[in-house]
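So for the sequence shown, numbering that gives the first Met the number 0 puts the first residue at 0; every next one is plus one. C-beta atoms are modelled at their ideal positions from N, C-alpha and C, and glycine is treated no differently. If you're wondering where the values come from, they're calculated on a predicted model, not measured in any experiment.
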Amino acid sequence: MWLPEVEDRAKRAIPILVGILHYYICKWDRQEQLLLHSVPFHPLNIFYLSIYLSIYLSIYLSIYLSIYLSIYLSIYLSIYLSIYLSIYLSIYLSIYLYCLTPLVVIIDNMVDEPVIEHIGNYVKI
């Protein structure tokens with residue numbers, strides 16, 4: 000029952016994650032622009048710099064995002080699910096038991112003791 004809500008939250012979280020990535024890439028790009036001004040623009044330097052940047056970004060972002068997201072999501076989901084499920088289950092069970100109790104009492108009263116009537120040679124239960 001909670002899967003559509005989690006899916007909805009995940010859909011809303013994707014633009015946020017993209018925004019966070021964009022922020023860190025722009026922040027990193029500003030730092031690298033300072034570095035680029037000190038490096039002469041030789042084609043070989045640009046080639047090595049592009050390789051360095053691609054390797055650095057791929058390794059850094061993969062490690063950073065995997066660690067950060069795994070820790071964040073594990074903590075967030077464990078706390079969220081424990082709180083959500085405890086509240087949801089308590090409300091659901093209380094409503095369920097509240098609605099079920101009168102029905103059990105009615106059934107118990109109906110099945111409790113059979114009434115035996117003697118009508119001539121017949122017995123009616």
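- In this structure, the straight-line span from the alpha carbon of residue 89 to that of residue 54 is close to 50 Å.
- A direct Cα-to-Cα measurement between residue 83 and residue 47 gives close to 51 Å.
- Residue 92 and residue 70 have their C-alpha atoms spaced approximately 32 Å apart.
- Residue 78 is bridged by DSSP to nothing; it lacks a bridge partner.
- When only Cα atoms are considered, residue 95 and residue 101 end up about 11 Å apart.
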